[in-house]
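Residue numbers (mature numbering (1 follows the signal peptide of the UniProt record, and there is no 0)): -16 to -1, 1 to 553.
In what follows, a single structure is set out as structure tokens and then discussed.
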């Protein structure tokens, strides 16, 4: 066995470089300058560039000597997959999708941070941002501090976005699907396959892979539980702020296809046969594919036109709703499920602007300005409830009254906390209720360890108004060690506390990815008791934090109300 690794594991350290012989040739990484116990391998291709005739196709394996005889210098971050990037001038948006990062259609690449003495645990992170934007290379996902402090190899992977990753079109003949859908999920699968084949060459002798995602990345991570092609490629899942069960995670095939047909018309690619249609689409410049606005009134207002389809022949090889119902999923897998206390607050300025809701955000004004406080009266709050009703396709004032009663019950009716009620109701609908349902389904079928947490601590670097609370995504700054990577961005009087909390959350993740278990004091949840741990300021003062049942009474009541009006979660 020692001889085997001597032959396969070729390492040359010269002036901070590390050369690794992989299945596809040599990769040349570099020692991290500020974290010298970690090697960085950045922008590593894991599939052929999905360009030209490979656009809208399943990802293709690399050629045997893809990295050339001399070796590939892996010292530039993975390119951002092409999408409609719109800088706003406000870092609360822009830092998640930085214009400083190179954007390209040739983007099937990954970033690796490998400890010099790695454990067997590998954490693969799938970024979110709604399947239509985002990047694995934002500084928030920089893994060098995490790898240093945990000895866990940290990898961020890319996948095609928007129509390039999630277009779906059966074609004019209807016999064989022309564009299969879920190409972005197949990209992720191929990245996992590359890791499975090559991680041993980086010194990880008996790899145990955990896939972790946030938002759409979390729904993606949990989707791999239902793909036969992915099941052997990982052992554990961490899903924060999203699951495959959430209503925005998958879309009906016919709606995505309707949107694709509309795009074909807008691009004047409605030719006489499938071959000409595909050629026309493949000849378009990438920006042309994204510049056209497509709004489908049959879809939720919360989603874009192109996202994973419920049924396919390439990734799911079936219908994901049927698979969840029947428990056809990976067995013996461990799950750490994450919720955020006020998850929907981040989306309110984006979807609830204008006088109807009065919850917009003006980046030209201070965050403390009254105009940025989402001042909501009773009428505007009722408009939010109507928005929820319409999103469930219920046009009935009695249902709105039921919603009002459900969320009035959670507050002192004498207090006019309409903004807080809106946050709670939207967070239930968009995130919490269906995530809890996913946890229960997992408990029935997966036979692995299962934990859940509620994150409720605001990061001091968070630029959004304080009424938004912890804010969607900012928990990742703690999980991945942002206060260690960029201490200069934190005020001196809070830096040490921010580092301590970050270190504590990294220890939690380390424990899970290495063993599949957490502290003895952290109870596993069950379908009958969704008990978990609240991660907040009190976590610093105790061994862990307070336990509570994460299943809100409002979710149970919402489910009952939906059933009365012929709808369901």
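For each residue, glycine too, the CB sits at the ideal point set by N, CA and C.
If you're wondering where the values come from, they're calculated on a predicted model, not measured in any experiment.
Checklist entry - Around the Cβ of residue 272, are there at least 16 other Cβ atoms within 10 angstroms (buried) or fewer (exposed)? => result Mapped onto the chain shown, residue 272 falls at position 288. Label assigned to residue 272: exposed.
Item to check | Nearest-angstrom Cα separation, counted from residue 424 out to residue 392 | outcome: Working through the chain shown from its first residue, we reach residue 392 at position 408. Working through the chain shown from its first residue, we reach residue 424 at position 440. Cα to Cα, the separation comes out at about 27 Å.
Next on the checklist: Within a Cβ cutoff of 8 Å, which residues of the same chain sit near residue 479, ignoring the five residues on either side of it in sequence?
Outcome noted: Indexing the chain shown from 1 puts residue 479 at position 495. Same-chain partners within the cutoff: 467, 471.
Checklist entry - What whole-angstrom Cβ distance do residue 327 and residue 225 have, given they're in contact under 8 Å? => result Locating residue 327 in the chain shown gives position 343, where the first residue counts as 1. Locating residue 225 in the chain shown gives position 241, where the first residue counts as 1. Confirmed, about 6 Å.
Next on the checklist: Quick check on residue 65: does DSSP put it in helix, strand or coil?
Outcome noted: Along the chain shown, read from residue 1 onward, the residue named residue 65 stands at position 81. DSSP places residue 65 in the strand class (E or B) of the three-state scheme.
Checklist entry - CA-CA distance, residue 71 and residue 281? => result For this step, residue 71 is matched to residue 87 along the chain shown. For this step, residue 281 is matched to residue 297 along the chain shown. One alpha carbon belongs to residue 71, the other to residue 281, and they sit about 27 Å apart.
Next on the checklist: Can you tell me whether residue 59 is helix, strand or coil according to DSSP?
Outcome noted: Sequence index remark: in the chain shown, residue 59 carries index 75 (1-based). DSSP places residue 59 in strand when its eight states are reduced to three.
Checklist entry - For residue 350, does the three-state DSSP call read helix, strand or coil? => result Residue mapping note: residue 350 aligns to position 366 of the chain shown, counting from 1. Coil at residue 350, not helix or strand.
Item to check | Cut-off 8 Å between Cβ atoms - residues of its own chain near residue 235, not counting five sequence neighbours on either side | outcome: Along the chain shown, read from residue 1 onward, the residue named residue 235 stands at position 251. Excluding positions up to five away in sequence, the list reads 283, 287, 291, 292, 293, 294.
Next on the checklist: Quick check on residue 198: does DSSP put it in helix, strand or coil?
Outcome noted: By 1-based counting over the chain shown, the position of residue 198 is 214. It is a strand residue.
Next on the checklist: Please confirm whether residue 292 has its beta-carbon closer than 8 Å to some beta-carbon of chain B.
Outcome noted: Absent from the structure: chain B. Only one protein chain is present.
Checklist entry - Does the distance from the CB of residue 465 to the CB of residue 444 come in under 8 Å? => result As a first step, residue 465 must be located in the chain shown, where it is residue number 481. As a first step, residue 444 must be located in the chain shown, where it is residue number 460. No. Outside cutoff.
Item to check | Whole-angstrom distance between residue 36 and residue 248, CA atom to CA atom | outcome: Translated into positions along the chain shown, residue 248 becomes position 264. Translated into positions along the chain shown, residue 36 becomes position 52. Between residue 248 and residue 36, the C-alpha separation is close to 17 Å.
Item to check | Through-space distance from residue 357 to residue 215, alpha-carbon basis | outcome: If you number the chain shown from 1, residue 215 lands on position 231. If you number the chain shown from 1, residue 357 lands on position 373. Spanning the two alpha carbons is a distance of roughly 45 Å.
Checklist entry - Which stretch, first to last residue, makes up the beta strand (DSSP E) that contains residue 105? => result Counted from its first residue, the chain shown places residue 105 at position 121. For residue 105, the enclosing beta strand (DSSP E) begins and ends at 105 to 110.
Checklist entry - How big is the Cα-Cα spacing for residue 157 and residue 546? => result Looking up residue 157 in the chain shown gives position 173. Looking up residue 546 in the chain shown gives position 562. Here the alpha carbon of residue 157 sits roughly 39 Å from the alpha carbon of residue 546.
Item to check | 4-residue-minimum alpha helix (DSSP H) runs that sit fully inside the stretch 435 to 479, ordered along the chain | outcome: Listed in chain order, they are 459 to 463, 466 to 469.
Checklist entry - Is residue 369 near residue 409, with beta carbons less than 8 Å apart? => result For the purposes of this step, residue 369 is taken as residue 385 along the chain shown, with counting starting at 1. For the purposes of this step, residue 409 is taken as residue 425 along the chain shown, with counting starting at 1. Against a cut-off of 8 Å, the Cβ pair of residue 409 and residue 369 comes out as a contact.
Checklist entry - Smallest Cα separation from residue 213: which of 107, 203, 180? => result Taking the chain shown and counting its residues from 1, one reaches residue 213 at position 229. Distance check between residue 213 and each of 107, 203, 180 places 180 closest, using alpha-carbon atoms only.
Checklist entry - Under the rule that 16 or more other beta-carbon atoms within 10 Å means buried, what is residue 359, buried or exposed? => result In the chain shown, the residue the question calls residue 359 occupies position 375. Burial call: exposed.
Checklist entry - For the stretch 144 to 155 against the stretch 60 to 71, are there 3 or more C-beta pairs whose distance is under 8 Å? => result These segments touch.
Item to check | Beta-carbon spacing of residue 103, residue 64 below 8 Å | outcome: For this step, residue 103 is matched to residue 119 along the chain shown. For this step, residue 64 is matched to residue 80 along the chain shown. No, they are not a contact pair.
Checklist entry - Going by Cα to Cα distance, which pick from 418, 475, 420 is closest to residue 446? => result Position 462 of the chain shown, counted from the start, is the residue given in the question as residue 446. That would be 475, whose Cα lies nearest to the Cα of residue 446.
Item to check | residue 222, enclosing beta strand (DSSP E) - first and last residue | outcome: Translated into the one-based positions of the chain shown, residue 222 becomes position 238. Residue 222 -> beta strand (DSSP E) spans 220 to 224.
Checklist entry - According to DSSP, what are the bridge partners of residue 120? => result Numbered from its first residue, the chain shown carries residue 120 at position 136. Residue 120 pairs with nothing; no bridge assigned.
Item to check | In DSSP terms, what residue 405 is bridged to | outcome: The count along the chain shown starts at 1 and reaches residue 405 at position 421. Its beta-bridge partners do not exist; DSSP assigns none.
Next on the checklist: Using 8 Å for Cβ pairs, my map puts residue 208 next to residue 173. What's the rounded Cβ distance?
Outcome noted: Residue 208 sits at position 224 when you count from the first residue of the chain shown. Residue 173 sits at position 189 when you count from the first residue of the chain shown. Right, their Cβ atoms sit about 7 Å apart.
Checklist entry - Which term fits residue 532, buried or exposed, when burial requires 16 or more other beta carbons within 10 angstroms of its beta carbon? => result Here residue 532 corresponds to residue number 548 of the chain shown, with the count starting at 1. Classification for residue 532: exposed.
Checklist entry - What are the complete alpha helix (DSSP H) segments, minimum 4 residues, inside the stretch 351 to 377? => result Correct list: 362 to 375.
Checklist entry - Across which residues does DSSP place residue 392 in a beta bridge pair? => result Here the question's residue 392 lines up with position 408 in the chain shown. Per DSSP, residue 392 has no beta-bridge partner at all.
Checklist entry - Just how far apart, CA to CA, sit residue 553 and residue 8? => result Counted from its first residue, the chain shown places residue 553 at position 569. Counted from its first residue, the chain shown places residue 8 at position 24. Between residue 553 and residue 8, the alpha-carbon positions lie close to 45 Å from each other.
Next on the checklist: Quick check on the DSSP output: what are the complete beta strand (DSSP E) runs of length 3 or more inside the stretch 76 to 101, in order along the chain?
Outcome noted: Entirely contained in the stretch 76 to 101, the beta strand (DSSP E) runs reaching 3 residues are, in chain order, 93 to 99.
Checklist entry - Where residue 44 and residue 29 are concerned, what is the direct C-alpha to C-alpha distance, given to the nearest angstrom? => result Taking the first residue of the chain shown as 1, we reach residue 44 at position 60. Taking the first residue of the chain shown as 1, we reach residue 29 at position 45. Cα to Cα, the separation comes out at about 11 Å.
Checklist entry - Which residues bound the alpha helix (DSSP H) around residue 134? => result By one-based count along the chain shown, residue 134 stands at place 150. Boundaries of the alpha helix (DSSP H) around residue 134: 128 to 134.
Checklist entry - Does the Cβ of residue 505 have 16 or more other Cβ atoms within 10 Å, making it buried, or fewer, making it exposed? => result On the chain shown, residue 505 is found 521 positions in, with the first residue counted as 1. Exposed: under 16 other Cβ atoms inside 10 Å.
Checklist entry - When the Cα of residue 11 is compared with those of 269, 27, 379, 448, which residue comes out closest? => result By 1-based counting over the chain shown, the position of residue 11 is 27. Measuring C-alpha to C-alpha distances from residue 11 to each of 269, 27, 379, 448 identifies 27 as the nearest.
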